[in-house]
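Participant: Heads up: take any position in the sequence shown, counting from 1, add 2, and you land on the numbering used here. All residues carry an ideal CB built from backbone N, CA and C; glycine is no exception. Predicted, not measured: the structure shown is a model, and the values here were computed from it.
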Amino acid sequence: MKKIVLVAFLASGVYAKTQVGIKTTSPTKILDINGDLRIRVLPQGSTSQSLLITDVNGNMLQMPIPEISHSPGDIKDSYATTDHDGWYLLNGRNISTLTATANAVAISLNFNTTLPDFSGYYAKAAKNESLSAAGGNASYTLTKQNMPNFAISGSTLGGGSHSHTATDRTPYGAGPIWGHATDGTVNWAQSTTRTTSSNGAHTHTLSLNSNGSGQAFGLTPAFLAVNTFVYLGL
């Protein structure tokens with residue numbers, strides 16, 4: 003009987019001392035490590051298992067693996083080409099072609115008839131526009147109203163003032179008459195120099211040829227094409 007009691011006592015004593023400390027003489031957990039911990043190999047986990055975490059005091063805890071969730075109306079870009087996992091390609095299709103769940107969510111997002119068609123569009127944060135409103139232009143033709151205010155003019159120099167001189171022979175001017183012919187023709191030897199007025203200043207008007215062909219120019223920045231999807235639930 004005494005032997006049995008002694009074994010029971012020893013067993014209870016071993017259980018009481020199962021808190022093991024590494025680099026500490028006062029462990030507070032079953033295994034208390036006061037230092038760095040290195041684990042070389044761990045078995046492969048699965049989605050049904052939990053995460054191992056530590057709190058601010060270094061206590062190790064387990065918690066469920068959080069699921070990545072999406073909300074109806076979330077948008078994403080992808081190289082996928084078909085609907086998948088509750089994500090539906092925004093290609094302008096009629097919502098009547100969707101599942102009942104996706105159809106109801108589409109209506110709640112105000113996609114009352116069709117899904118938006120993202121083909122060829124970029125997303126823009128709405129300001130005064132309603133959601134799904136489309137706008138902008140891929141190209142634009144510059145008009146006169148788009149150009150800064152300017153004027154084009156030209157003129158030549160106005161320094162064209164000049165005069166001309168002419169020699170005028172007159173029968174009434176002062177001077178000697180040198181003689182006359184026997185047939186009655188007067189032989190004049192006196193001449194008078196006259197000058198025209200100097201009112202020849204003038205300008206020229208320039209006419210410039212119009213140029214350009216009015217060809218539109220592109221507004222699309224450099225891009226990499228992807229598909230856009232909306233989450234409508236599973």
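Taking the alpha carbon of Ser209 as the reference point, which residue from Ser155, Ala218 and Ala227 has its own alpha carbon closest?
Facilitator: Checking every option, the nearest Cα to that of Ser209 belongs to Ser155.
Participant: State the Cα-Cα distance for the pair Thr30 and Lys129, rounded to the nearest angstrom.
Facilitator: 58 Å
Participant: Tyr81: buried (16+ other C-beta within 10 angstroms of its C-beta) or exposed?
Facilitator: Its Cβ having fewer than 16 others within 10 Å, Tyr81 is exposed.
Participant: Nearest to Leu144 by alpha carbon, out of Glu131, Leu221, Thr27 and Leu91?
Facilitator: Closest by alpha carbon: Leu221.
Participant: Helix, strand or coil for Val232? Go by DSSP, reduced to three states.
Facilitator: strand
Participant: For my contact list, Leu92 and Phe231 are in at a C-beta cut-off of 8 Å; report their separation, rounded to the angstrom.
Facilitator: Confirmed, Cβ separation roughly 6 Å.
Participant: Reducing DSSP to helix, strand and coil, say where Ile24 ends up.
Facilitator: strand
Participant: Are Thr115 and Ile97 touching if we call contact CB-CB under 8 Å?
Facilitator: yes
Participant: How long is the line joining the alpha carbons of Ile2 and Asn139, rounded to whole angstroms?
Facilitator: This structure cannot settle anything about residue 2, because the visible part of the chain is limited to 3 through 236.
Participant: What are the boundary residues of the beta strand (DSSP E) that includes Thr56?
Facilitator: Ser52 to Thr56
Participant: Considering Ile35, what are the terminal residues of the beta strand (DSSP E) in which it resides?
Facilitator: Start and end: Leu33 to Ile35.
Participant: For Tyr124, count neighbouring Cβ atoms within 10 angstroms of its own Cβ and tell me buried if that reaches 16, exposed if not.
Facilitator: Exposure of Tyr124 is indicated by the presence of fewer than 16 other C-beta atoms within 10 angstroms of its C-beta.
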